[in-house]
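Residue numbers (this note's numbering): 2 to 407.
Even for Gly, the Cβ is constructed at its ideal location relative to N, Cα and C.
Quick caveat, the model's predicted, so the values are computed rather than measured.
Okay, structure first, notes after.
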Ligand code: FEO
């Protein structure tokens with residue numbers, strides 16, 4: 002992919018990773034991009050690098066625009082490997098360039114590289130850098146999503162370089178939201194935003210709300226948001242800001258997602274009458290089978306719904322391993338404003354459904370008890386109990402949902 006002009010004298014010079022399907026454990030069925038940007042001004046300035054394996058591609062893109070040896074400043078908004086591990090290849094070309102980074106970023110960078118010979122200047126929120134006709138404003142965004150994270154605002158171009166924020170894991174030939182063709186991906190663009198948020202940013206909702214408010218208070222005019230993954234928001238950057246604000250505020254659909262796994266189809270057989278009960282209550286329902294679904298999609302669907310039912314057989318008195326893996330992921334993402342319940346089959350003494358409830362409570366989620374269980378294979382009576390359980394849970398979800406905005 003060639004260098005792409007995004008604003009006068011500002012270029013996307015990143016790389017597209019069409020093949021990545023496992024992004025540090027996050028399933029990425031659409032691949033991703035590593036976006037970085039180059040500003041041609043009196044001081045040529047590079048914003049971020051790319052993953053090390055793709056650094057040569059980005060450097061070739063720079064060469065299409067300017068001799069990389071002329072780069073004077075390098076802004077590192079985030080030190081995670083997908084954005085900063087190509088830095089050594091750039092520094093080999095421009096050893097005299099000055100790096101601008103947060104204090105925590107500098108500390109982290111020193112663990113990845115020998116930085117002793119590099120000219121590094123630390124910046125904090127409100128610091129500016131004049132590069133000629135343009136002024137860069139730095140905005141720290143700690144824990145969005147690493148301690149070192151920051152964004153860079155290019156005042157004269159009303160451009161926010163937002164690192165991971167507002168990004169999506171989408172490998173596409175298109176660079177901008179107004180070019181994006183929905184059928185080129187298994188996701189819609191909105192879905193890709195939610196997927197990214199749910200899997201990476203879910204724990205940081207209150208920080209996101211505060212940071213967006215801070216940006217709004219700074220009165221920055223933004224007519225383009227250029228993240229470090231996925232497409233660039235130029236048609237309607239306010240849309241993605243609103244989506245983030247809504248997600249951070251806890252907006253979810255009045256829906257129950259049933260997430261389950263099964264050994265001999267007993268727990269699976271319980272899902273259908275449960276779904277019928279949910280639908281009888283007039284609530285939308287979606288069913289996700291773990292092991293048949295990438296974990297990241299199960300997490301996204303969990304995040305989109307107000308209510309979740311976890312179905313699990315009991316194996317050795319514990320929940321099924323794939324369900325345990327899902328619960329482990331979700332616990333780390335610290336969800337809020339969701340209500341859950343559980344169901345499942347067992348052969349001896351059971352234990353899995355209780356374990357799920359214990360986990361949901363440990364996550365400080367609201368729960369609907371008791372769950373429903375079936376011995377070996379659900380009987381017609383068990384199926385009727387499942388239908389009643391699904392209906393009662395959906396009615397509870399409707400009542401619970403009413404307290405949230407949106
Ligand atoms: Fe895309 Fe936090 O790295």
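Residue span of the alpha helix (DSSP H) that contains residue i, given as start and end
| i | result |
| --- | --- |
| residue 304 | 296 to 305 |
| residue 365 | First-last for residue 365: undefined, no H or E at that position. |
| residue 388 | 381 to 402 |
| residue 245 | 238 to 250 |
| residue 192 | 190 to 197 |
| residue 157 | That residue, residue 157, is in no alpha helix (DSSP H); it is neither H nor E in DSSP. |
| residue 275 | 267 to 281 |
Proximity of residue i and residue j at Cβ, strictly below 8 Å
| i | j | result |
| --- | --- | --- |
| residue 297 | residue 196 | yes |
| residue 121 | residue 100 | yes |
| residue 82 | residue 48 | no |
| residue 189 | residue 180 | no |
| residue 210 | residue 244 | no |
| residue 267 | residue 198 | no |
| residue 350 | residue 318 | yes |
| residue 142 | residue 212 | yes |
| residue 310 | residue 343 | yes |
| residue 7 | residue 232 | no |
| residue 144 | residue 60 | no |
| residue 228 | residue 166 | yes |
| residue 112 | residue 178 | no |
| residue 360 | residue 332 | yes |
| residue 346 | residue 381 | no |
| residue 288 | residue 276 | yes |
| residue 75 | residue 98 | yes |
Terminal residues of the beta strand (DSSP E) in which residue i lies
| i | result |
| --- | --- |
| residue 257 | 254 to 261 |
| residue 137 | 136 to 141 |
| residue 225 | 225 to 227 |
| residue 212 | Residue 212 -> not in any beta strand (DSSP E); alpha helix (DSSP H) instead, spanning 206 to 218. |
| residue 343 | 340 to 347 |
| residue 334 | Segment 322 to 334 is the alpha helix (DSSP H) holding residue 334; no beta strand (DSSP E) there. |
| residue 149 | Where residue 149 is concerned, there is no enclosing beta strand (DSSP E), given that its DSSP letter is neither H nor E. |
| residue 374 | 373 to 376 |
| residue 291 | Taken as a continuous stretch (DSSP letters only), residue 291 belongs to no beta strand (DSSP E), as it is neither H nor E. |
| residue 7 | 5 to 8 |
Supposed close pair residue i, residue j - CB separation, criterion 8 Å
| i | j | result |
| --- | --- | --- |
| residue 284 | residue 176 | Incorrect: roughly 39 Å between the Cβ atoms, too far for contact. |
| residue 114 | residue 126 | That pair is no contact at about 25 Å. |
| residue 389 | residue 278 | 6 Å |
| residue 194 | residue 252 | Going by Cβ atoms, the distance from residue 194 to residue 252 rounds to 13 Å, so no, they are not a contact pair. |
| residue 353 | residue 315 | 4 Å |
| residue 218 | residue 149 | Not really, about 23 Å apart at Cβ, beyond 8 Å. |
| residue 45 | residue 16 | The Cβ separation is near 19 Å, so there is no contact. |
| residue 66 | residue 39 | 6 Å |
| residue 62 | residue 230 | With 8 Å as the limit, residue 62 and residue 230 do not qualify as a contact, their Cβ atoms being about 16 Å apart. |
| residue 357 | residue 294 | The Cβ separation is near 18 Å, so there is no contact. |
| residue 300 | residue 237 | Residue 300 to residue 237, Cβ: 26 Å. No contact. |
| residue 206 | residue 249 | 4 Å |
| residue 129 | residue 136 | 5 Å |
| residue 203 | residue 334 | 4 Å |
- Stretch-stretch touch, CB-based, cutoff 8 Å, three pairs: the region 383 to 402 with the region 251 to 258: Contact between the region 383 to 402 and the region 251 to 258 is present, because at least three Cβ pairs lie under 8 Å.
- Message: To test your reading of the DSSP string, which unbroken beta strand (DSSP E) runs of 3 or more residues are found completely within the region 12 to 77?
- Response: For the region 12 to 77, whole beta strand (DSSP E) runs of length 3 or above, ordered along the chain, are 16 to 18, 33 to 35, 38 to 40, 46 to 48 and 74 to 76.
- Message: Can you confirm whether the region 329 to 339 touches the region 300 to 315 when touching is taken to mean that 3 or more C-beta pairs between the two stretches lie within less than 8 Å?
- Response: The region 300 to 315 is in contact with the region 329 to 339.
- Would you call the region 271 to 287 and the region 317 to 333 in contact, with 3 or more CB pairs under 8 Å? Contact between the region 271 to 287 and the region 317 to 333 is absent, because fewer than three Cβ pairs lie under 8 Å.
- Task: Please confirm if the region 158 to 178 is in contact with the region 31 to 49, defined as three or more CB-CB distances below 8 Å between the two stretches.
- Result: Verdict: yes, contact present.
- Assess, as a yes-or-no matter, whether the region 145 to 165 is touched by the region 4 to 23 under the definition of 3 or more beta carbon pairs within less than 8 Å. Yes, the region 4 to 23 is in contact with the region 145 to 165.
- Does the region 48 to 57 come within contact of the region 83 to 99, defined as at least 3 CB pairs closer than 8 Å? At 8 Å Cβ cutoff, the stretches touch.
- Every unbroken alpha helix (DSSP H) within the region 70 to 130, with a cutoff of 4 residues, ordered by chain: The qualifying runs are 82 to 85, 88 to 94 and 104 to 113.
- Message: Quick check for students: name the residue ranges of the beta strand (DSSP E) that lie wholly in the region 159 to 184, counting only runs of 3 or more.
- Response: The region 159 to 184 contains, as complete beta strand (DSSP E) runs of 3+ residues, the segments 160 to 162 (chain order).
- Task: Kindly confirm or deny that the region 218 to 238 and the region 144 to 159 touch, where touching means at least three C-beta pairs closer than 8 Å.
- Result: When C-beta atoms of the region 218 to 238 are compared with those of the region 144 to 159, three or more pairs fall below 8 Å, so the two segments count as touching.
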